[in-house]
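In the working numbering, the protein residues as written are 654 to 949.
One structure is given here, and the rest of the page talks about it.
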C-alpha cells in the first residue's frame with residue numbers, strides 16, 4: 654500500500670471516529686459490568702483550539718506527548734494549530750493500528766513490545782477487531798515541536814512492599830491472577846486479582862496504611878473499597894457484605910474496612926474476597942499479581 658493510500662485509509666478511519674463520538678463516550682473512563690474500561694477507540698474527545706494554544710500546550714493539558722496529538726491529526730503535520738479548529742484527543746499516548754485477520758493480542762503485544770493483558774484491557778476486554786489502540790509513547794513527530802516530559806507515576810511501585818494480609822488468617826486462593834476460565838460461564842477472561850476463600854461476614858483488613866478513595870457499590874465488583882497507598886500502589890477489596898469506611902478516611906494497616914460478602918457478580922458460588930493490587934502508570938491503575946505483595 655503506497656503512502657497516499659495509507660494516509661487516505663487512516664483519514665477515513667479518523668472520520669469514522671468523529672461521527673461516532675457522543676457526549677457519553679467523551680466522558681472519563683467508567684468501569685463496565687466486566688470490570689474493564691470503555692475501549693480506548695470509543696473514548697476519543699474533541700478539543701477546540703483556543704487563543705494562545707500550541708500543540709505542546711494542548712498535549713500537556715491532556716497528559717499526552719505532542720507526537721500522539723500530531724499522529725492522530727494529520728492536518729497538524731506542519732506543527733501549527735488553527736484557532737477555532739477541532740482536533741481529536743485520544744485517552745492515552747498511543748497509535749491506532751489495523752489488525753490482520755486472525756492476529757492475537759499476544760502477537761500484537763510482541764510486535765509493539767507491550768503487555769498483552771494491557772492491550773486486552775485497554776481495548777475493552779474483547780478479541781482483536783479490525784482496529785486496535787496500542788499504548789506506546791513516541792518520540793516527537795516533528796522537529797519543530799518541543800518534547801514535553803511529564804512524570805505520570807507518583808513513585809516506583811516495584812520498590813514498595815505491602816506488609817499486611819486482607820483477612821484475619823491466610824486463606825486458600827480459589828481463582829488466581831491472570832488469564833482464567835470463568836467457572837460460572839466457561840468464558841476465557843483476564844482475572845485482575847485473586848479470590849481468597851472466606852465465610853460471609855469475615856472481617857476484611859486494609860493491607861497497609863492509606864487513604865480510602867472509593868467506598869460503595871460498583872457493578873460486578875459489588876460493594877467495593879479502594880485504598881491508595883504510598884509509592885503509587887492501590888488495593889481493592891470487592892464483593893463485600895458491608896463497608897465500614899468512607900471516602901477520604903485514613904486507615905491503618907490491619908484496620909477493618911468491611912466484611913466478606915457475595916455482592917456484585919462473584920466468579921464462584923463459594924464465598925470469597927476478591928482482592929486486587931494495582932500500580933499507578935501512564936495508562937491508569939494497572940493490575941499486578943497480588944501474590945507478589947502479600948506477606949504471609
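The C-beta atom is built at its ideal place from N, Cα and C for all residues, glycine as well.
None of these values were measured; they are calculated from a predicted model.
Which stretch, first to last residue, makes up the alpha helix (DSSP H) that contains residue i?
i           : result
residue 698 : Premise fails: residue 698 lies in the beta strand (DSSP E), 698 to 701, not in any alpha helix (DSSP H).
residue 710 : 708 to 714
residue 771 : 769 to 775
Go ahead and pull the three-state DSSP assignment for residue i.
i           : result
residue 760 : helix
residue 872 : helix
residue 944 : helix
residue 721 : helix
residue 815 : coil
residue 852 : coil
residue 890 : strand
residue 729 : helix
residue 938 : strand
residue 820 : coil
residue 808 : Note on residue 808: pLDDT 37, under 50, position unreliable in the model; the coordinate value appears next. Residue 808: coil per DSSP, three-state reduction.
Tell me whether the beta-carbon of residue i lies closer than 8 Å to the beta-carbon of residue j.
i           : j           : result
residue 824 : residue 865 : no
residue 746 : residue 816 : no
residue 940 : residue 845 : yes
residue 787 : residue 761 : yes
residue 739 : residue 701 : yes
residue 860 : residue 888 : yes
residue 947 : residue 916 : no
residue 862 : residue 900 : no
residue 876 : residue 896 : yes
residue 696 : residue 741 : no
residue 690 : residue 774 : yes
residue 857 : residue 890 : yes
Mind checking which residues open and close the beta strand (DSSP E) that includes residue i?
i           : result
residue 930 : 925 to 934
residue 861 : Taken as a continuous stretch (DSSP letters only), residue 861 belongs to no beta strand (DSSP E), as it is neither H nor E.
residue 915 : First-last for residue 915: undefined, no H or E at that position.
residue 751 : 748 to 751
residue 740 : 739 to 742
Check the DSSP bridge columns for residue i and list the partner residues they point to.
i           : result
residue 831 : 844
residue 895 : 912
residue 881 : 864 and 887
residue 787 : 748
residue 826 : 849
residue 903 : 864
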